[in-house]
Amino acid sequence: WLRVMGVSMSQPKPTPRTASGLNIDPRLPPLVFGLWLFGVLVLVLGISRVAPVAPGESRRLVDWAYLGFLFRHVNPYLFTAMGIASSIGLSVLGAAWGIFITGSTLAGRAIRTPRITSKNLISIIFCEAVAIYGVIMAIILQTKIEYVPRNADGSYPQSVMTSGYATFACGLTVGLSNLACGICVGIVGSACALADAANPALFVKILIIEIFGSALGLFGVIVGIIMSASVDFKGS
Numbered sequence: 601w602l603r604v605m606g607v608s609m610s611q612p613k614p615t616p617r618t619a620s621g622l623n624i625d626p627r628l629p630p631l632v633f634g635l636w637l638f639g640v641l642v643l644v645l646g647i648s649r650v651a652p653v654a655p656g657e658s659r660r661l662v663d664w665a666y667l668g669f670l671f672r673h674v675n676p677y678l679f680t681a682m683g684i685a686s687s688i689g690l691s692v693l694g695a696a697w698g699i700f701i702t703g704s705t706l707a708g709r710a711i712r713t714p715r716i717t718s719k720n721l722i723s724i725i726f727c728e729a730v731a732i733y734g735v736i737m738a739i740i741l742q743t744k745i746e747y748v749p750r751n752a753d754g755s756y757p758q759s760v761m762t763s764g765y766a767t768f769a770c771g772l773t774v775g776l777s778n779l780a781c782g783i784c785v786g787i788v789g790s791a792c793a794l795a796d797a798a799n800p801a802l803f804v805k806i807l808i809i810e811i812f813g814s815a816l817g818l819f820g821v822i823v824g825i826i827m828s829a830s831v832d833f834k835g836s
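Numbers 601 to 836, taken from this note's numbering, label the letters of the sequence shown in order.
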């Protein structure tokens with residue numbers, strides 16, 4: 601009866617997913633980048649539009665002097681907070697993404713091959729270590745924050761500005777490296793579980809690849825510790 605009415609009885613084919621575990625439309629990344637670029641342009645042009653103009657001068661399309669003035673008077677402790685948030689936030693995101701990829705593959709494949717669950721838990725541990733890197737770096741940066749009052753003209757001392765930017769760059773470096781590390785370990789760990797289920801002799805060989813992938817986050821932590829050594833808000 602359904603066929604007579606023109607209703608299809610075939611099951612829809614599952615949408616193939618990428619190695620990252622997500623089904624992302626290839627048009628989405630350019631669209632997001634375009635929206636971000638458009639927002640930045642609107643912000644810059646809008647700020648230049650409301651910039652004060654001296655008598656006898658014409659308004660510029662982009663007032664770089666006024667933008668630099670605003671940037672110099674942004675509270676450097678805001679950059680410090682953003683650096684700490686980037687360190688822990690992006691690291692946890694990378695760890696969660698890696699565990700999502702590896703854990704879903706491991707749980708699904710273990711239904712037919714239960715023996716792979718014990719050995720392949722090391723992939724989950726590698727992903728969790730990425731979040732630990734971010735937590736450690738965030739704690740180190742948090743302990744370096746010291747309050748310094750503004751100057752008489754409303755600006756901040758040079759040591760505070762330098763420390764705020766250094767903290768932001770340090771947290772961003774650690775967070776982005778751990779994000780890439782978590783995704784890398786998750787994808788390789790997923791492949792390791794599938795390979796181990798097919799041939800147990802391949803486990804150690806692919807595990808070596810996974811170890812090299814987990815070292816990527818450690819590189820970011822090392823650079824972040826070196827960068828955090830220059831953080832000194834009081835300039836002592």
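By construction, the Cβ of each residue, glycine as well, lies at the ideal position given by its N, Cα and C atoms.
Residue 629 sits exposed, since fewer than 16 C-beta atoms from the chains shown fall within 10 Å of its C-beta. Here residue 741 is buried. Its C-beta has 16 or more other C-beta atoms within 10 Å.
If only uninterrupted beta strand (DSSP E) runs of at least 3 residues are considered, none is enclosed by the stretch 693 to 746. The Cβ atoms of residue 775 and residue 708 lie no closer than 8 Å to each other.
Shown here, residue 779 sits in a helix according to DSSP, grouped into three states.
Around the beta carbon of residue 789, 16 or more other beta carbons sit within 10 angstroms, so the residue counts as buried. Beta-carbon to beta-carbon, residue 816 and residue 784 are separated by about 6 Å, close enough to satisfy the 8 Å threshold.
When the beta-carbon positions are compared, residue 673 and residue 759 stay at least 8 Å from each other. For residue 834, the three-state secondary structure derived from DSSP is coil.
As the crow flies, the alpha-carbon of residue 802 is around 16 Å from that of residue 706.
Taking the Cα of residue 680 as reference, the smallest distance to any Cα among 793, 737 and 804 is reached at 737.
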